């Protein structure tokens, strides 16, 4: 019984994290290019991205916003990085471009080829 309740709580936590992350992404996308926004690390989940490239403390992902009618918008590229803001652990989200994702891939592959 307790395991079932813990499973439901974990599922609700994941749904809450996805909901909060998506809300922050929608807020970010409502601003112009070069916008930056932060979210508490505990409330951020990269699972909202359909494709992700990771670094050690940063990444870039592709996010497809869904309209109220259920249709999808075009791909949005979002950079995220883990940082400290005072004593808080936060995730910094900023808009990116397809070219930045391609550059990220080149750097990653170049690093692997140098080994």
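Numbering (my numbering), first residue to last: 82 to 196. For every residue, glycine included, the Cβ atom is placed at its ideal position computed from N, Cα and C. Predicted model, so just to flag it, every value in this text is computed and none were measured.
Quick check: what's the CA-CA separation for residue 160 versus residue 169? 20 Å
For residue 162 and residue 172, I'd like the C-alpha separation in whole angstroms. 6 Å
Tell me, please, whether the stretch 144-155 touches the stretch 116-126 by the rule of three or more beta-carbon pairs shorter than 8 Å. no
Can you tell me whether residue 190 is buried or exposed? The criterion is at least 16 other CB atoms within 10 Å of its CB, across all chains shown. exposed
Beta carbon of residue 148, beta carbon of residue 154: below 9 Å? yes
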